[in-house]
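Just so we're aligned, residue 30 is where the sequence shown starts under this note's numbering, counting upward by one.
Contents: one structure, followed by commentary.
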Amino acid sequence: MPMSSATPSLPRLVFTDLDGTLLDHDSYEWQPAVPWLERLRHAGVAVIPVTSKTRAELMPLRRELGLKDTPFIAENGAVIGLPPAWQHARLDRDPNFVDGLAIKTPGIDISFLRTRLGVMRERLGVRFRSMGELSIDEIMSLTGLSEPQARLARVREGCEPLVWDDTEMALVDFRQALEADGLCLLRGGRFWHAMGQLDKGDGVRWLVERYQALRGRRPLTLGLGDGPNDVPLLEAVDRAVLIPGHHGHTVNLGNAHQFHARQPGPTGWAEGLDYWWGDELPTPFDEQSPP
């Protein structure tokens, strides 16, 4: 078990990818992670989803996971949600916010993005299908989501998943054209993701700065992910856990403090927490233990 230089009182934050990381790639279950989720809640450590999922998908899911009081980063960094405890009294708070959430959209509008993608496809003659063009049945087939979940996956604000139907050479040209247009293309576990020039790491750094501004202390951060689009997240945190993915893509990290879990999904997620913080955080039963 690695030793940490952090004092026990140092605040901590967990930033976690969802699909293939906290959630099983195929079943979307998270039961193996429940003991650690409870332990983190008991220790007052916020678990912050950092995902390609939409805000619409996250609203019911974060309640099921017990994370409705923590921030979230959706659509690979294009959307950031702040619960009341993370809002600045003058800059953010508004009683008209749905569920009390302040929503930040540092990326570009989805309508503009889809327009630009259409222009690029026509100009370059490349073949791809965007999430907005897929039928609900196609989304269900590609993702394993239920029909209601697939409908929520289409409610996008700043990041458009793509199914690439062309050659690797055409993909290189397409990617370069997007970058010249001020956009970027990220590879996820199931889709390519087109969006503005930002990523999960930008959202992580923004939330860490917000935490420090509100609390006056910089937290120790732990990040967990499995896909290429998680690299910016895993390189923006103090400690990283790379979980084996089902996508078959090579993932290389520049973080000097990284642990590679042996198991996929939520089992590997718990394995990573055990490795980095297993001896450092109290369990929910410690307070009841006899002296």
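Where a beta carbon is used, it is the ideal one built from N, C-alpha and C, also for glycine.
Between the Cα of H222 and the Cα atoms of N258, L243, R234, L236, which residue gives the shortest distance?
N258
My output table needs one value for L174: the three-state DSSP class, helix, strand or coil.
L174 falls in the coil class under three-state DSSP.
Can you tell me where the beta strand (DSSP E) holding W306 begins and where it ends?
Per DSSP, W306 belongs to no beta strand (DSSP E); it is in the alpha helix (DSSP H), 294 to 306.
Does the separation of the CB atoms of L52 and G254 fall below 8 Å?
No.
Evaluate L47 with the Cβ neighbour count: other Cβ atoms within 10 Å of its Cβ, from every protein chain shown; 16 or more gives buried, anything less gives exposed.
Buried is the call here.
Please classify P311: is it buried, with 16 or more other beta-carbons within 10 angstroms of its beta-carbon, or exposed?
exposed
Rounded to the nearest angstrom, how far is the Cβ of L39 from that of L66, given a contact under 8 Å?
Not confirmed; about 20 Å, so no contact.
Hey, G211 and E104: beta-carbon distance below 8 Å or not?
The answer is no: Cβ separation not under 8 Å.
Mark V74 as exposed unless 16 or more other C-beta atoms lie within 10 angstroms of its C-beta, in which case mark it buried.
buried
From G389 to V108, what distance separates their C-alpha atoms?
The requested residue 389 does not occur in the structure, where the chain is confined to residues 30 to 320.
Quick one: give me the first and last residue of the beta strand (DSSP E) that I139 is part of.
That residue, I139, is in no beta strand (DSSP E); its alpha helix (DSSP H) goes 139 to 153.
How big is the Cα-Cα spacing for E151 and G129?
Roughly 42 Å between the two C-alpha positions.
Helix, strand or coil: how does DSSP classify Q287 here?
Here Q287 sits in strand by DSSP.
To the nearest angstrom, how far is the alpha carbon of D138 from that of E309?
42 Å
3 or more residues per run - each beta strand (DSSP E) lying fully within the segment 85 to 113
101 to 103, 108 to 111
In the DSSP assignment, what residue or residues form a beta bridge with D48?
L52
Report the residue from W115, H54, D98 whose alpha carbon sits nearest the alpha carbon of G245.
Ranking the options by Cα distance to G245, first place goes to W115.
Same chain only: Cβ atoms within 8 Å of L267, ignoring 5 sequence neighbours per side:
Residue identity check: residue 267 is Asp in the sequence provided, not Leu. L249, T250, L251, H286.
Could you give the first and the last residue of the continuous alpha helix (DSSP H) run that contains W65?
Going by DSSP, W65 is part of the alpha helix (DSSP H) stretching over 63 to 71.
Buried or exposed, going by whether 16 or more other CB atoms sit within 10 Å of the CB of V260?
buried
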